[in-house]
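The next block holds one structure in the form of structure tokens; read it before the comments.
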Amino acid sequence: MKNKFIKIFCIAIVGAMTLTSCDKGFEELNTNPNALTDPAVKSMFTLAEIYVDGQDFSNTRGNNYYAAQIVQQFSSLGGPGSKYTYSSEYSGSLFGESYGKGLNQIFQLLSVVKDTPENANMIQSLRIMKVFMFQKLTDTYGEIPYFEAGKGYNGNVFSPKYDTQEAIYNDLLKELDEAGDALDANKPFVGNADLYYQSDVTKWKKLANSLMLRVAMRLSKVNPAKAKQYVEKAVAKGVFTSNDDSLVLKHDAGPQGVKTNPITSSWVRNDLNGGDGNVKFSKTYIDFLKNNNDPRLRIYAKLEATGDNSPASQQGLANDAKEFPGGDKKMFSDPNTSTVLRLDAPTLIMSYAEVKFILAEAAVKGWNVGGSAQTYYEDGVKAAMNILTIFGDKVPAVTTTEYNTYIAAHPFKTAGTEAEKIEQIITQKWVVLLFNGFEAFSEYRRTGYPAIVPVNDPTGETKGTVPRRLIYDQSELITNAANYKEAISRQGLDLMTTRIWWDKQ
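In the working numbering, the protein residues as written are 149 to 653.
If you want it as structure tokens, here you go:
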């Protein structure tokens, strides 16, 4: 299996050499593809899958340093997410890389693949991948170029207009609804060029419906009727039913920067420094696991300098810290390089546990999702613990006994208020969303959970309030100025404190 993955990946990289993709803007996204006379569509498809969850550039800067530190999964003394400071390169990284690489790849492939029955499943899966990328973008920034993005391939639109988030969300739901229904197990796919599910159409359908859950629940405050409608529709169509359905992208240990995990590899290469690095687990995250005797702590964390992963030894860095208490960085917890921070650690893009937590929240709201909030919550916690086996066997997996002990000590608050129940659900989702800071940041803004204490640092941009968005890639002020100005005239100033459309108090 490993050799097969390497072969597919290498083919994808060769295919990528026919493309122009860099980390900045719409010139790349709207490049005319006429030079592609005989595109290797399967290798292009593979590369599109690799790009969906971002590369080193956006994951280091936007995910690890901004989003994940804002929601206090990680911390660093000078991290812009920890102190709510502004860095144009870091804040705009997701914007530039997404349009310059992932969406560029998807739109270019869609421009050369003929709409035939033989290509139908490929086209539908590309629509689903496109939703993944656009939702992350619009959730991070608000209004973004959407309907005109990629029109340079067939419409000569090189300065795409920004669209309202409401219009974008309406289309994201439509795309998932249509694409999921159009997937057909009786039609060809791409074989093992599909790194996600090896062309298993049933799993792709579940992915489309599970992503519909995520997209729909984001509307819970701004349009609860529509959120309910599409959550119930997704459940009726069929969502993830086990950890085997989770969207996991496998990686290899080398060559570095080509096939390694884009979230972890830069951290290991540049920031770990034998435990003497500046980026550490947040005290908020470690304390939650430690104070609740969470068996996942030994899998997630260790002191890199000594290799000690015992829960009692773990210590997180406060997000408002101006120095390391005691002066020894090596005494603070790093992500475990035997498990989650391996160079070849798989990327958990969307998990069965997340689906269960969405269903638990929907049940709390009284929506028709076919089960109780308590059962969905308990199944979600169990799935979140069990999924950690994807990170290998160097650290003992969570046992059934450990899970049962944990749930007995932290039962679902069946007699609690709706707010108390949702806080319990979202806090568990925050734990499993480790290394998916963008999604955790979105869920925090939607729900207000987990209950983190804001940082009030004099260097910050928000006057001690948790940021509500990131600032656009500033190249837009030059390359797409008129449309950028129109967007901020509708949405509000391009500041970290400006709330986006679905972010209601």
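Each residue gets a CB set at the ideal place from its N, CA and C atoms; glycine is no exception.
**Q.** Close Cβ partners of GLU550 (< 7 angstroms) along its chain, the five nearest in sequence each way excluded
**A.** PRO443
Q. What residue from LYS513, ALA532, PHE505, GLY540 has the CA that sits closest to THR523's CA?
A. PHE505
Q | Alpha-carbon spacing of TYR289 relative to MET360, whole angstroms | A | 20 angstroms
Q: Identify whether ILE497 lies in helix, strand or coil by the three-state DSSP scheme.
A: strand
Q. Which residue spans inside the region 373 to 437 form an unbroken beta strand (DSSP E) run of at least 3?
A. 395 to 397, 427 to 429
Q: Using only alpha-carbon positions, find the residue among ARG275, SER235, ASP435, HIS558 that is nearest to GLY250.
A: ARG275
(Q) Just to confirm my understanding: we take SER590, look at its own chain, exclude 5 residues before and 5 after, and list those with CB closer than 6 angstroms. What are they? (A) ASP287
(Q) Counting C-beta neighbours from all protein chains within 10 Å, is the total for THR547 16 or more, i.e. buried, or is it exposed? (A) exposed
Q: Check TYR289 in the structure and name its three-state DSSP category.
A: helix
Q. Rounded to the nearest angstrom, how far is the Cβ of THR613 from that of PRO598, given a contact under 8 angstroms?
A. Incorrect: roughly 16 angstroms between the Cβ atoms, too far for contact.
Q. If you draw a straight line from the C-alpha of GLU245 to the C-alpha of TYR238, how long is it?
A. 11 angstroms
Q. Which word fits ASP476, buried or exposed, when buried means at least 16 other C-beta atoms lie within 10 angstroms of its C-beta?
A. exposed
Q: Look at the alpha carbon of LYS190 and the alpha carbon of GLN256, and state the distance between them as a whole number of angstroms.
A: 13 angstroms
Q) Starting from MET222 and walking both ways along the beta strand (DSSP E), at which residues does that stretch end? A) Going by the sequence as given, residue 222 is Phe instead of Met. That run of the beta strand (DSSP E) goes 222 to 224.
Q | Helix, strand or coil at ALA188 [DSSP, three-state] | A | coil
**Q.** Cross-strand partners of ASP311 (DSSP beta bridge)
**A.** ILE292
Q. Quick one, which of LEU324, ASN340, PHE295 has its alpha-carbon nearest LYS311's?
A. Strictly speaking, residue 311 in this sequence is Asp, with Lys absent from that position. Nearest option by C-alpha distance: PHE295.
**Q.** Sub-9 angstroms separation of THR194 and ASP342 beta-carbons
**A.** yes
Q) Measuring CB to CB, does GLY226 end up less than 9 angstroms from ASN426? A) yes
Q: Give me the Cα-Cα distance between GLU526 and PHE560, rounded to the nearest whole angstrom.
A: 8 angstroms
(Q) Pop quiz: ARG362 and THR412 are said to be a contact at Cβ under 8 angstroms. What is the actual Cβ separation, rounded to whole angstroms? (A) 23 angstroms between Cβ atoms; not a contact.
Q: From the DSSP output, in three-state form, read off LEU359 for me.
A: helix
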